[in-house]
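Chemist:
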Ligand code: C2E
Ligand code: CA
Ligand code: CA
């Protein structure tokens, strides 16, 4: 038989989308309504199996529609699934359940989840209908027509006034696994119905069933237990109705029942779905909320504290954006498995949605355990993941709070854990932080900074400083690195602070483009003013996000030709970062940049995780030895590393430069080891362009002077 689903949403587009999804179901008719009143009037006329109800509608909202439905007997039992876009806070959900909803779906919804929920409710509805049909047939036959009784799919047992079984239909024999001959003549309560009630055990006329029937009423229960073959307990739903003799006297009862093992399973599944996340099979937000409240209650009674960890993946968005949602889902499953590996059975791990996970750690050592678990998690999640044959680096940031010190209730704990997590992200990700009261100010400060940064980006309120690069043997300038400078209220903000913020907020693409264009103009001006030495380049730092832009090479090349500057005067510096893995976009952009003629330097070399195979694949022109190695150049190990990098560069056919040279000693040693180019405070700090010009004035031929003769000197 066809079942109908009513879908209610004020947005036509949503209705169309829902209809399309539901069209996958067989034997289902979809009826739609665009407002609460329209839905109610349809419900008066038609029988529907379930309602998918939008919550936010003008006029009468979904909750109101639901409570009207609950007031009418015809619509009271129709399952309602609320559709909502807005937040999933407890109070809101509660309001929904209270108004009669059985479930929630959050927009934009996953068609898979939608369909599986709908299927379950339809199945329940189908069973309900069958039962009702059976009951109405039963009423018609009034127990006398055995032929009909034999054909009904539900189990039916008839008893006489004394409670002795007089009739068993074939379905009942099947369900109970017993032949009617073994049942007929037996007392109903001994042979079939299992009761734990003291009173019921003391006699047939003390049973609720008998009492109801003797008063002419039906007795119904959906938590009944029957004894079946080999004394096996069977969960059943049954209704007992009184039967009457032809003269109208109460003369027994008929029990219609069905095996609800399957339904129990479905109910368990529903319960599971309400509490668990389908993707990772971890607990969801509902489960998390109740687990957190349980921990609080337990802690209040036992005065034992517990820890709550808030974890967010560091590069989930990039994976999702660059490789698609399927890859994102795979990654989340793999993350869930790794996290499960780092915690004990007694810890409660949930996924709140997206890439947000929580762990509740109970027990008297909760504080120590939380730190240990966090360390393990960070270690484990910074190992590469293999998703669809591709190696990915992800990492996680974790915030920790302890109850009761760091929050008096669930919402304060969550807020503070979130804040500690945000702080961990802010300090460079891939780390954990325990909440501290002054984090609030820090987080507020960085939020304020974000506002300032957005404002600065509007007018490109930035400056570039240039740090000269030298040939240490001749002390002549061979290039410069452009470094971004930003002042807020006269105070210089370090790029180490605002660049990560710009990356997080996506502002980096615009800023980076400005940096590149400004540096390109500058090097063009210098190329016109000076007789620059061969190989002179200005280098520009580029974030990984920029490399993920499909348009990058196009934009660069268009700009360079528009101002007519030779790309060979430019170089980009990319960091040997964890995420600089070989996505197609990254690699093709790097290849494109090389094709233009610009150089590519691998910055902070030695601090990342590059493998040899990986290095060989990148179209590099320079390896930039990180300052930490330069700092140790006087030690045997330090100089060994530098020699190795020099040899490696030679093997790859690329140049090598040392950065962060602060002392003459370091410079000498580097030259001995074969690294002759350097930048660092010892040679020159990053300075505005005109200071670089004075340096070049003293070192290079000024073309304008050469052309105009030497009247100024
Ligand atoms: P980086 O690319 O490794 O830049 C070198 C940093 O080391 C600069 O810091 C520079 O001032 C500093 N430095 C140079 N010589 C010495 C030295 O002898 N001793 C010491 N202690 N430090 C030295 P800065 O300018 O604060 O930049 C920090 C980081 O910010 C840069 O590290 C780079 O990763 C990022 N950054 C700067 N400008 C940009 C930009 O335009 N775009 C992007 N994406 N990142 C940028
Ligand atoms: Ca750099
Ligand atoms: Ca560097």
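Residue numbers (my numbering): 57 to 769.
From the three backbone atoms N, C-alpha and C, an ideal C-beta is built for every residue, glycine too.
(1) Below 8 Å between beta carbons: does that hold for residue 544 and residue 508?
(2) Given that a residue counts as buried once 16 or more other Cβ atoms are within 10 Å of its Cβ, and exposed if not, what is residue 713?
(3) Report the start-end ranges of each alpha helix (DSSP H) in the stretch 489–548 that is 4 residues or longer and not cut off at the edges.
(4) Could you name the residues that DSSP lists as bridge partners for residue 674?
(5) Cα separation between residue 762 and residue 753?
(6) Which of the three DSSP states, helix, strand or coil, is assigned to residue 458?
(7) Is the stretch 267–277 in contact with the stretch 285–301, if contact means three or more CB pairs nearer than 8 Å?
(8) Beta-carbon distances below 5 Å to any heavy atom of ligand 2 define the shell here; list its residues in chain order, please.
(9) Taking C-alpha atoms, which residue in 707, 400, 692 and 505 lies nearest to residue 679?
(10) Buried or exposed for residue 488, please, with buried defined as at least 16 other CB atoms from any protein chain shown within 10 angstroms of its CB.
(11) Evaluate contact between the stretch 695–705 and the stretch 715–733, counting only Cβ atoms and requiring at least three cross-stretch pairs below 8 Å.
(12) Please indicate yes or no: does the CB of residue 718 lie closer than 7 Å to some heavy atom of ligand 1?
(13) On the DSSP bridge assignment, give the partners of residue 89 in chain order.
(14) Answer with buried or exposed for residue 235, where buried requires no fewer than 16 other C-beta atoms within 10 angstroms of its C-beta.
(15) Pick helix, strand or coil for residue 640, following the three-state DSSP scheme.
(16) What first and last residue would you give for the beta strand (DSSP E) that runs through residue 594?
(17) Rounded to whole angstroms, what is the Cα-Cα separation between residue 371 and residue 449?
(18) Heavy atom of ligand 1 less than 7 Å from the Cβ of residue 421, yes or no?
(19) Given a threshold of 16 other Cβ atoms within 10 Å of its Cβ, counted over all protein chains shown, does residue 354 qualify as buried or as exposed?
(20) Using only CA atoms, which one of 381, 598 and 239 lies nearest to residue 569?
(21) Could you check which residue in 589, 367, 61 and 490 has the C-alpha nearest to that of residue 530?
(22) Going by the DSSP bridge assignment, what does residue 307 pair with across the sheet?
(23) Expressed to the nearest angstrom, what Euclidean distance is found between the alpha-carbon atoms of residue 263 and residue 249?
(24) Kindly list the residues whose CB is nearer than 7 Å to the CB of residue 475, restricted to its own chain and excluding five residues on each side of it in sequence; keep chain order.
(25) Which term fits residue 101, buried or exposed, when burial requires 16 or more other beta carbons within 10 angstroms of its beta carbon?
(26) Is there contact here, the stretch 332–352 with the stretch 387–398, by at least three beta-carbon pairs under 8 Å?
(27) If we ignore side chains and look at the alpha-carbon of each, how far apart do residue 677 and residue 593 end up?
(28) For the alpha helix (DSSP H) holding residue 125, just list the boundary residues, first then last.
(29) Any heavy atom of ligand 1 closer than 7 Å to the Cβ of residue 552?
(30) Using DSSP with H/G/I as helix, E/B as strand and the rest coil, what is residue 141?
(31) Please work out which residues of its chain come closer than 8 Å, Cβ to Cβ, to residue 505, disregarding the five sequence neighbours upstream and downstream, and give them in chain order.
(32) Helix, strand or coil: how does DSSP classify residue 243 here?
(33) Please classify residue 199 as buried or exposed, where buried requires at least 16 other C-beta atoms within 10 Å of its C-beta.
(34) Hey, is residue 755 close to ligand 1, as in C-beta under 7 Å from one of its heavy atoms?
(35) Could you check whether residue 540 and residue 551 sit closer than 8 Å to each other, using their CB atoms as the reference points?
(36) According to DSSP, what are the bridge partners of residue 627?
Modeler: Reading from the atomic positions:
(1) Taking the first residue of the chain shown as position 1, residue 544 is located at position 488. Taking the first residue of the chain shown as position 1, residue 508 is located at position 452. For residue 544 and residue 508, yes; Cβs fall inside 8 Å.
(2) Counted from its first residue, the chain shown places residue 713 at position 657. The residue in question, residue 713, is buried, as its Cβ has 16 or more Cβ neighbours within 10 Å.
(3) 495–515
(4) Walking along the chain shown from the start, residue 674 turns up at place 618. Residue 674 pairs with nothing; no bridge assigned.
(5) Mapped onto the chain shown, residue 762 falls at position 706. Mapped onto the chain shown, residue 753 falls at position 697. The straight-line gap from Cα to Cα measures roughly 12 Å.
(6) As a first step, residue 458 is located in the chain shown; it is residue number 402 there, counting from the start. Residue 458 falls in the strand class under three-state DSSP.
(7) yes
(8) 597, 629 and 659
(9) In the chain shown, the residue the question calls residue 679 occupies position 623. Comparing Cα-Cα distances from residue 679 to each of 707, 400, 692 and 505, the minimum goes to 707.
(10) As a working mapping, residue 488 is identified with position 432 in the chain shown. When all chains shown are included, residue 488 counts as buried.
(11) yes
(12) Against the chain shown, residue 718 aligns to sequence position 662. Because some heavy atom of ligand 1 lies under 7 Å away, the Cβ of residue 718 counts as near it: yes.
(13) Position 33 of the chain shown, counted from the first residue, corresponds to residue 89. Paired residue(s): 64.
(14) Within the chain shown, residue 235 is the residue found at index 179, counting from 1. By the neighbour-count rule (16 or more Cβ atoms within 10 Å), residue 235 is not buried but exposed.
(15) Counting from 1 along the chain shown, the entry for residue 640 is found at position 584. Helix at residue 640.
(16) Locating residue 594 in the chain shown gives position 538, counting from the first residue. Residues 593–598.
(17) On the chain shown, residue 371 is found 315 positions in, with the first residue counted as 1. On the chain shown, residue 449 is found 393 positions in, with the first residue counted as 1. One C-alpha to the other measures close to 8 Å.
(18) Here the question's residue 421 lines up with position 365 in the chain shown. Not so, every heavy atom of ligand 1 lies at least 7 Å from the Cβ.
(19) On the chain shown, position 298 is the one that residue 354 refers to. Result: exposed.
(20) Indexing the chain shown from 1 puts residue 569 at position 513. Measuring from the Cα of residue 569, the nearest candidate turns out to be 598.
(21) Locating residue 530 in the chain shown gives position 474, where the first residue counts as 1. Comparing Cα-Cα distances from residue 530 to each of 589, 367, 61 and 490, the minimum goes to 589.
(22) Position 251 of the chain shown, counting from 1, holds the residue named residue 307. None; residue 307 has no bridge partner.
(23) Locating residue 263 in the chain shown gives position 207, counting from the first residue. Locating residue 249 in the chain shown gives position 193, counting from the first residue. Approximately 11 Å, taken between the alpha carbons.
(24) Along the chain shown, one-based indexing puts residue 475 at 419. So the list reads 455, 491, 495, 496 and 499, once near-sequence residues are dropped.
(25) Here the question's residue 101 lines up with position 45 in the chain shown. Flag for residue 101 reads exposed.
(26) yes
(27) Stepping through the chain shown from its first residue, residue 677 is reached at position 621. Stepping through the chain shown from its first residue, residue 593 is reached at position 537. About 12 Å.
(28) For the purposes of this step, residue 125 is taken as residue 69 along the chain shown, with counting starting at 1. Run containing residue 125: 118–127, per the alpha helix (DSSP H) assignment.
(29) Here residue 552 is taken as the residue at index 496 of the chain shown, counted from 1. Yes, the Cβ of residue 552 comes within 7 Å of a heavy atom of ligand 1.
(30) Along the chain shown, one-based indexing puts residue 141 at 85. Residue 141: coil per DSSP, three-state reduction.
(31) Counting from one through the chain shown, the residue named residue 505 turns up at place 449. Correct list, in chain order: 544, 549, 553, 554 and 557.
(32) Here residue 243 corresponds to residue number 187 of the chain shown, with the count starting at 1. Strand at residue 243.
(33) By one-based count along the chain shown, residue 199 stands at place 143. Note that residue 199 scores 45 on pLDDT, short of 50, meaning its location in the model is unreliable; the coordinates nonetheless yield the value given after this. Buried is the call here.
(34) One-based indexing of the chain shown puts residue 755 at position 699. Every heavy atom of ligand 1 is 7 Å or more from the Cβ of residue 755, so no.
(35) In the chain shown, counting from the first residue as 1, residue 551 sits at position 495. In the chain shown, counting from the first residue as 1, residue 540 sits at position 484. Yes, these two residues count as a Cβ contact at 8 Å.
(36) Taking the chain shown and counting its residues from 1, the one referred to as residue 627 is at position 571. 595 and 655, per the DSSP bridge assignment.
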